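The structure appears right after this line, and notes come after that.
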Amino acid sequence: MIKQLKPKYNILLRDDKTYPYLCVDISEDYPRILLTRKVFKSQSIHYFGPYSSGGRDLLDSLYETFPLAQKESCLKGKKACLFYQIKRCLAPCEGKISKEDYRKILEQALECIQNPKKILAILDKKMQFLSENLRFEEAMVLRDRIAKIKQISPLSGVDFARMEDLDIFALEIEGNKGVLVKFFVRGGRVVSSASNVIKSQYELNIEEIYTQSLINYYSGEILIKPKQILIPYDLKEKKDELEQFLYQKLHKKIPIHCPKSGDKKQLCNLALKNAKESLNLNLTASEEILLDIQKLFGLQNMPYRIEIFDTSHHRGKQCVGAMVVYDERFIKESYRHYLLEGSDEYLQMKEMLQRRIEKFKEEVPPDLWVLDGGVGQINLAKDLLNSAGVNLEVVGISKEKLDSKAHRAKGAALDILRDEKGQEYRLKSSDKRLQFLQKLRDEAHRFAITFHQKQKQKTMQQSKVLEVKGVGKAIQKRLLAYFGSFEGIKKASLDELEKVLSKKLAKSVYEGLLEVKS
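Residue numbers (the working numbering): 4 to 521.
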């Protein structure tokens with residue numbers, strides 16, 4: 004019998020996340036097309052994909068071509084928004100289009116999803132028009148989008164509806180480097196994939212790697228057991244031994260098959276193609292540090308996209324939160340501010356993370372969360388994510404406590420890293436992994452502090468408005484009801500103030516506001 008192998012090869016999990024799908028819920032009055040990584044069993048929700056690349060570009064192109072409702076707010080609002088003004092929506096919120104006419108447009112968009120060549124023809128014409136009108140930058144954006152959509156590898160020839168639950172393993176090697184790709188088919192869909200980067204000081208042996216990989220993977224907890232395992236390689240006598248090993252581990256007979264033709268062969272070929280493409284990619288300096296971070300914490304996922312969170316307040320007032328995003332660089336257009344109501348840092352972090360998780364219904368989750376905090380904040384985040392059914396890994400970075408307090412500004416206080424299990428990592432200040440995570444934390448802290456200072460300044464300005472002679476709580480309420488905000492009050496003219504107050508009081512308030520402005 005096969006025994007647990009001592010790893011001869013260094014197998015590193017490169018990218019273990021679900022491929023995104025395009026989906027549409029036809030039970031809605033005005034269905035929207037969405038990009039999602041979550042798959043729900045529902046007869047009314049239709050899924051298209053999965054897409055290893057190009058899915059987002061295809062969706063953007065559909066929304067620019069077909070005037071469909073693009074945001075949830077488009078349907079909840081009562082007034083047509085900007086999308087209607089720029090002719091990218093037909094304002095179903097105002098009833099400007101019937102359900103029947105909307106469905107006809109939706110059907111055209113869905114045809115383009117099923118056959119991307121149709122949308123490519125439209126994009127090509129638009130690109131030519133832009134070039135002829137010397138709008139070269141816009142044409143280049145379209146050119147890049149067309150290239151990404153062309154990379155989409157549709158599996159339209161595969162009849163997934165008739166396909167059983169499968170695990171597919173495919174290996175591509177070159178010398179002492181290799182990539183092992185895994186596909187997981189569940190409920191008629193490729194629900195996820197993973198790729199393992201393999202390095203060795205020896206020349207790689209295909210049979211040994213397949214054997215070691217199967218043993219390593221199925222020795223762990225397997226929630227949904229496959230009906231069959233596909234491998235595009237004949238394991239010969241090892242096949243029977245591995246099947247016996249699987250039976251002992253999973254208490255179920257699972258055959259290992261090397262398909263020669265048909266849909267299963269096509270799936271194996273796609274996995275092999277992905278493995279070859281991954282092998283050809285050279286790790287950039289950024290990817291190397293991410294790989295080091297993955298190895299340090301034992302992460303399942305390669306943390307390509309990272310969201311970092313921090314909070315800031317002054318004695319429990321002007322409480323704010325900040326989220327910054329890193330994906331090869333800081334993505335400032337994805338940064339978010341949060342006005343928080345929690346009475347302490349724990350409740351503030353909870354409120355911020357809950358609000359972020361709610362957005363995962365519309366946005367694809369990142370690969371990793373980094374929190375400015377310790378075990379309490381990490382456990383809080385995991386509880387919230389588990390309750391929401393979101394598979395996302397979390398780590399923390401915090402200052403060690405001196406005199407029972409965490410001193411961010413004290414040079415003697417060292418940064419401590421923690422993983423989901425509470426394991427501490429005290430790295431040297433020169434360690435590149437620590438420096439990388441410190442850079443992420445410091446950017447989140449900077450963003451939080453900047454927003455906090457703005458809120459503090461705004462509060463001070465508001466208090467100055469209240470200090471104007473003659474302005475009590477009753478007058479304040481009357482002014483706010485009329486002008487809508489303190490900023491509106493500050494900008495008010497004397498004539499406008501006289502519409503709300505007596506001439507004498509209006510003059511007093513106006514002169515007082517002039518002093519505040521100066």
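Ideal placement from N, C-alpha and C gives every residue a C-beta, glycine not left out.
Fair warning: this is a prediction, and the values are worked out from it, not measured in the lab.
| query | result |
| --- | --- |
| Within 7 angstroms, strictly: CB atoms of residue 278 and residue 200 | no |
| Supposed close pair residue 274, residue 447 - CB separation, criterion 8 angstroms | Rounded, the Cβ-Cβ distance is 38 angstroms, inconsistent with contact. |
| Boundaries of the beta strand (DSSP E) in which residue 237 is found, first to last residue | That residue, residue 237, is in no beta strand (DSSP E); it is neither H nor E in DSSP. |
| Contacting residues, own chain, Cβ-Cβ under 6 angstroms from residue 176 (five flanking each side not counted) | 207 |
| Where residue 495 falls, given that 16 or more other Cβ within 10 Å makes a residue buried | buried |
| Beta strand (DSSP E) segment containing residue 26, residue limits | 24-28 |
| Residue 20 burial status per 10 Å Cβ neighbour count (16 or more: buried) | Confidence in residue 20 is poor, its pLDDT being 47 and thus under 50, which makes the residue's placement too unreliable to answer from. |
| Per-residue burial, residue 312 [other beta carbons within 10 Å of its own, 16 or more giving buried] | buried |
| Beta-carbon proximity of residue 423 to residue 397, cut-off 7 angstroms | yes |
| Residue 221, DSSP secondary structure in three states | helix |
| Simplified DSSP assignment, three categories, for residue 1 | Given a span of 4 to 521 for the chain in the structure shown, any question on residue 1 remains unanswerable. |
| For residue 60, three-class secondary structure by DSSP | helix |
| Exposed unless 16 or more other CB atoms sit within 10 angstroms - verdict on residue 97 | exposed |
| Short Cβ contact (7 angstroms threshold) for residue 166 with residue 145 | no |
| Three-state secondary structure assigned by DSSP to residue 231 | strand |
| Beta-carbon proximity check, residue 309 vs residue 329, cutoff 7 angstroms | yes |
| Bridge partners - residue 39, DSSP secondary structure assignment | 24 |
| Beta-carbon contacts of residue 209 that lie in its chain and below 8 angstroms, excluding the five residues immediately before and after | 174, 176, 236 |
| Proximity of residue 375 and residue 306 at Cβ, strictly below 7 angstroms | no |
| Per-residue DSSP class, three states only, for residue 502 | coil |
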